[in-house]
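Quick note: the sequence shown uses my numbering, first residue -7, plus one each step.
Note that beta-carbon positions come from the ideal geometry of N, C-alpha and C, so glycine has one too.
Reviewing the structure listed below.
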Amino acid sequence: MRPDAELPFFFGPDGGLFGMYHAPDVPARRAVLMCAPLGQDLIRCHRIYRQLAQALAGQGLAVLRFDYHGTGDSAGETATVDWERCVADAVLAAAELRARAGVERVIAFGARLGGSIAMCAAERAGFVEAIVWDPVLDGSDYVAALDAMQAALREDAGRFTQPRSHADVAEQWLGFDTDDRLRRQLRDLAVGPATVPTMVLDSLGGAETIAWDRWIAPPGKVASIVPLTPWNDLRRLETAILSQPLIQAVSGHLRETA
């Protein structure tokens, strides 16, 4: 990999958004914007996002990973994360990627809430396609799952010698500060039918699998990924989410549609 293949930088009106640009070895004709998930999913997906970005750059695509306001290395406190601003940050990042790569065709990729953000930003950002990995379509179910995991974590004898008080974790989700505003925004989240060609990568499996075909329209498609991804397994909360089949599915799809 070239020494200048990965370029960290700040962008946005106030220079507060952090990005990592992956430059291809050849002039790019397309670019991929990687929309990260939030909270613990962001931490767990960091490595696979980097691996996927490197693989796609190796195929000649320009790639941008970035952090929303209040997440990662961007400005702002964790408790200030706002759903609408995350969507707006994705729109800004798409414009930044076009300018930096010199291309118009930008494809969005996102896992879990990152996929939801990509879909909500799709029209404003002008994405030509979205590739989403187990996106969250129903925010109320997602919030309920986070609350259940947080309640179990509070009493987890494997991590704590005694249960923590409700007050200690009242405004947290799995170690990340949150507030009532974000809770309400996510609880009310209902991602409508896809408005751009969409590929869903489904690694939920079993009862969690969603009727994706009712959400996407042709030429969209669904691809199953195995092994299944343990998003809500508290025993693996600190374990990185890794999936070579996911990387192969995304890179293979983009190679076919070049």
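| query | result |
| --- | --- |
| Answer yes or no: do GLY106 and PRO222 have a C-beta to C-beta separation smaller than 8 Å? | no |
| Determine the direct distance from the alpha carbon of LEU174 to that of ALA67, and round the result to whole angstroms. | 17 Å |
| Run the CB neighbour count on THR187, radius 10 Å, all protein chains shown included, and call it buried at 16 or more, exposed below. | exposed |
| Could you give the DSSP three-state label for PRO237: helix, strand or coil? | helix |
| Would you call GLU88 buried or exposed, if buried means 16 or more other Cβ atoms sit within 10 Å of its Cβ? | buried |
| Just checking my contact of ARG22 with TYR41 at CB under 8 Å: how many whole Å lie between their CB atoms? | At roughly 18 Å, the Cβ-Cβ gap does not stay under 8 Å, so ARG22 and TYR41 are not in contact. |
| Counting pairs of beta carbons, one from the segment 43 to 55 and one from the segment 123 to 140, are three or more of them closer than 8 Å? | no |
| Within its chain, find whatever has a CB closer than 8 Å to the CB of PRO189; leave out the 5 residues flanking it on each side and keep chain order. | VAL120, GLU121, ALA122, PRO211 and GLY212 |
| So the candidates are ILE99, TRP125 and GLY11; which of them puts its Cα closest to the Cα of LEU193? | TRP125 |
| In whole angstroms, give me the CA-to-CA distance for GLY11 and THR70. | 17 Å |
| Between the alpha carbons of ALA114 and CYS78, how many angstroms are there, rounded? | 13 Å |
| Which residue's Cα is closest to the Cα of VAL242: ALA20, PHE2, LEU34 and ALA47? | ALA47 |
| Got a sec? Which residues, its chain only, sit under 6 Å from LEU84 by beta carbon, not counting five neighbours each side? | GLY4 |
| Report the residue from ASP205, GLY131, GLU230 and ASP171 whose alpha carbon sits nearest the alpha carbon of THR72. | ASP171 |
| Using CA coordinates, which residue listed in LEU(-1), ALA103 and ALA203 is at the minimum distance from MET26? | ALA103 |
| Confirm, please, whether the CB-CB distance from ALA209 to MET191 is below 8 Å. | no |
| With H, G and I counted as helix, E and B as strand and the rest as coil, what does DSSP make of ASP133? | helix |
| Less than 8 Å between the C-beta atoms of ASP81 and LEU9, yes or no? | yes |
| Taking the alpha carbon of VAL18 as the point to measure from, which residue in PHE2, ALA93, GLY7 and CYS37 has its own alpha carbon closest? | ALA93 |
| In whole angstroms, give me the CA-to-CA distance for ALA149 and ARG227. | Any answer about ALA149 is weak, because its pLDDT of 45 lies below 50 and its placement is not dependable; what the coordinates show is given next. Going from the Cα of ALA149 to the Cα of ARG227 covers about 12 Å. |
| Taking only three categories from DSSP, how would you classify THR170? | coil |
| Can you give the Cα-Cα distance for GLU76 and LEU181, rounded to whole angstroms? | 11 Å |
| Rounded to a whole number of angstroms, what is the C-alpha to C-alpha distance between LEU220 and LEU196? | 6 Å |
| Of all the options THR63, GLY184, TYR13 and GLY7, which has the alpha carbon lying nearest to the alpha carbon of LEU34? | THR63 |
| What does the Cβ neighbour count give for SER132, buried or exposed, with the cut at 16 atoms within 10 Å? | exposed |
| Excluding five sequence neighbours on each side, which residues of the same chain lie with their C-beta closer than 6 Å to the C-beta of ALA15? | ALA(-3) |
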